[in-house]
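*Asks:*
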Amino acid sequence: MASSKRKSPTTDEVVDSQIPKLDATAAHVQPSLTAHLPPVALNPADCELDFDIENNGLQGSALYRNAFAWCWSGARANVGITGGKYCFGCKVISDQPVSMVYNTQDGQHLCRIGVSWEDDPVGDLGESLHSFCFEATGDTYTAGSCSEYGESFGVGDKIICCLDLENSNNASIGFFKNSKWLGVAKQFEDHPNWRSAFFPHILLKNVVVRLQFSVEDGLDVVEGYKPWASALEDEKAFSGPTFSDVHCYEFIMLVGLPASGKSTWAEKRVKDYPGKRYIVIGKSLMLDKMKVPGLTRKYGYGEMLGEIFNTLLSRASKLPRNFILDKMNLNKIDRKCELKSFSKHKKHLKSSKCVVINNSKK
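Just so we're aligned, residue 1 is where the sequence shown starts under full-length UniProt numbering, counting upward by one.
1. Go ahead and pull the three-state DSSP assignment for Glu48.
2. CB-CB under 6 Å to Ile19, same chain, minus the five flanking residues each way: which ones, in chain order?
3. Sorted by chain position, which residues of the same chain lie with C-beta nearer than 6 Å to His201's C-beta, five sequence neighbours on each side aside?
4. Excluding the 5 residues preceding and the 5 following Ala231 in the sequence, name in chain order all residues of the same chain whose CB lies nearer than 7 Å to its CB.
5. Pick out the complete beta strand (DSSP E) segments inside the segment 204 to 287, 3 residues or longer, and give them in chain order.
6. Could you tell me the boundaries of the alpha helix (DSSP H) in which Glu338 lies?
7. Using CA atoms only, rank isn't needed, just tell me which of Ser314, Asn56, Asn167 is closest to Glu338.
8. To the nearest angstrom, report how far apart Cys111 and Gly123 are at their CA atoms.
9. Can you tell which of Lys158, Gly174, Ala266 has the C-alpha that lies nearest to the C-alpha of Val92?
10. Compute the Euclidean distance between the alpha carbons of Leu33 and Asp220, then round it to the nearest angstrom.
11. Which class does Thr142 belong to by DSSP, given the choice of helix, strand or coil?
12. Using C-beta distances below 7 Å, list every residue in its chain close to Asn206, excluding the 5 sequence neighbours before and after it, in chain order.
13. Between Glu54, Gly60, Val40, which has its C-alpha nearest residue 363's C-alpha?
14. From Ser214 to Lys226, what does the alpha carbon distance come to, in whole angstroms?
15. Under 7 Å Cβ to Cβ from Asp286, same chain only, skipping five residues before and after it: list those, please.
16. Looking at C-alpha atoms only, which residue of Ala185, Phe188, Lys177 is the closest neighbour of Val155?
17. Take the Cβ of Asn43 as the centre, count every other Cβ of all protein chains shown within 10 Å, and call the residue buried at 16 or more, exposed below.
18. Take the Cβ of Phe342 as the centre, count every other Cβ of all protein chains shown within 10 Å, and call the residue buried at 16 or more, exposed below.
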């Protein structure tokens, strides 16, 4: 990732009385306050196409075979918060076996844990302005900037993310690794005019994780912070997106020559209509997901993109989401092939469009 690196800010230097501590006894005596409310879990309507959610929404992983071994994949939880002090946990269960012939051992199994706004791209945790995360390398990321922070983590480790929005002039985020407090990772101004709540967010590369949003999920109680699920009872919760009505979604196919502006059009469409939560399927998005510097065609670049594209298109045809297909599709036969997998859902489409991009000066 193209992120600048700097030393950790001094904001994590707090006096001992302010250091959060795990309360080993509270987990056994705290009553369940949210049993009658919908559970907090990873959101199948707010994750990437290659992301898999299992075990009642608490286990997350992504496709990892062949070309997908190079890809990052993200997901957010279904409940965000707009105030208070709340925490959630994430345990790395296992590494996924991969064969990355053209990469080193470093960076094969990575995980980012943090929070972000609902409107931030789900694949950009730590890269967008309103997202903060702790990476398995031991560094923190926000707005594409990297800071030295704590210890690296991996299989068997549990990370607890603690978000403090109680004081809007001095909001902060910090992390535990197992039972060790690593300090405040970032302080920021939680401005009252901000549009969105912060949602738990993970970004994975060839690992399997399990999320913990309540004591019942296995979350350790942190002094001064409430389990994330408690925000529902406290009426400080904000619901994430849900699947659209199965009879009301869009499919847009872009047609145009290379460098004609298709990807630019798609990016603008996504930004102009954030509520539609379009998923763009195209080569530029795939390259961004892979984030492999220096990868060239002689290393199977084209073949890998083709494999990823076909897999994502197949998975997309089974979901009631809004899609933009960013591909040349210059002839009728190619367009029919791409649309074939969606044919059985044709009656559910609110609209299907073919947008022709032509930037010719003639």
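Backbone N, C-alpha and C define an ideal beta-carbon position, used for all residues, glycine too.
*Replies:* In short:
1. Looking up residue 48 in the sequence shown gives position 48. DSSP places Glu48 in coil when its eight states are reduced to three.
2. Translated into positions along the sequence shown, residue 19 becomes position 19. Once the five neighbours on either side are set aside, the close Cβ partners of Ile19 are Trp181.
3. One-based indexing of the sequence shown puts residue 201 at position 201. Correct list, in chain order: Arg76, Gly114, Val115, Ser116, Leu125.
4. To locate residue 231, count along the sequence shown from 1; it is residue 231. Here the set comprises Val79, Ile81, Gly84, Tyr86, Ala237.
5. 207 to 212, 237 to 239, 249 to 255, 279 to 282
6. Along the sequence shown, one-based indexing puts residue 338 at 338. Start and end: 332 to 340.
7. On the sequence shown, position 338 is the one that residue 338 refers to. Nearest of Ser314, Asn56, Asn167 to Glu338, Cα basis: Ser314.
8. Start at 1 with the first residue of the sequence shown, and residue 111 comes out as number 111. Start at 1 with the first residue of the sequence shown, and residue 123 comes out as number 123. For Cys111 and Gly123, the distance between alpha carbons rounds to 12 Å.
9. Reading the sequence shown from its first residue, position 92 is the one you call residue 92. Checked all of Lys158, Gly174, Ala266; the closest Cα to Val92 is Lys158.
10. One-based indexing of the sequence shown puts residue 33 at position 33. One-based indexing of the sequence shown puts residue 220 at position 220. With a pLDDT of only 45 at Leu33, under 50, the local geometry of the prediction cannot be trusted, and no value is derived from it.
11. The residue given as residue 142 occupies position 142 in the sequence shown. The answer is strand: DSSP assigns Thr142 an E or B state.
12. Reading the sequence shown from its first residue, position 206 is the one you call residue 206. Tyr64, Ala69, Asp95, Gln96, Val98, Gln108, His109.
13. Because the chain spans 1 through 362 in this model, residue 363 falls outside it and cannot be assessed.
14. If you number the sequence shown from 1, residue 214 lands on position 214. If you number the sequence shown from 1, residue 226 lands on position 226. Rounded to whole angstroms, Ser214 to Lys226 spans 9 Å at the Cα level.
15. Translated into the one-based positions of the sequence shown, residue 286 becomes position 286. First, the amino acid is wrong: residue 286 is Met here, not Asp. Answer for Met286: Leu305, Ile308, Phe309, listed in chain order.
16. Counted from its first residue, the sequence shown places residue 155 at position 155. Nearest C-alpha to Val155: Lys177.
17. Residue mapping note: residue 43 aligns to position 43 of the sequence shown, counting from 1. So Asn43 ends up on the buried side.
18. As a first step, residue 342 must be located in the sequence shown, where it is residue number 342. Phe342 should be labelled buried.
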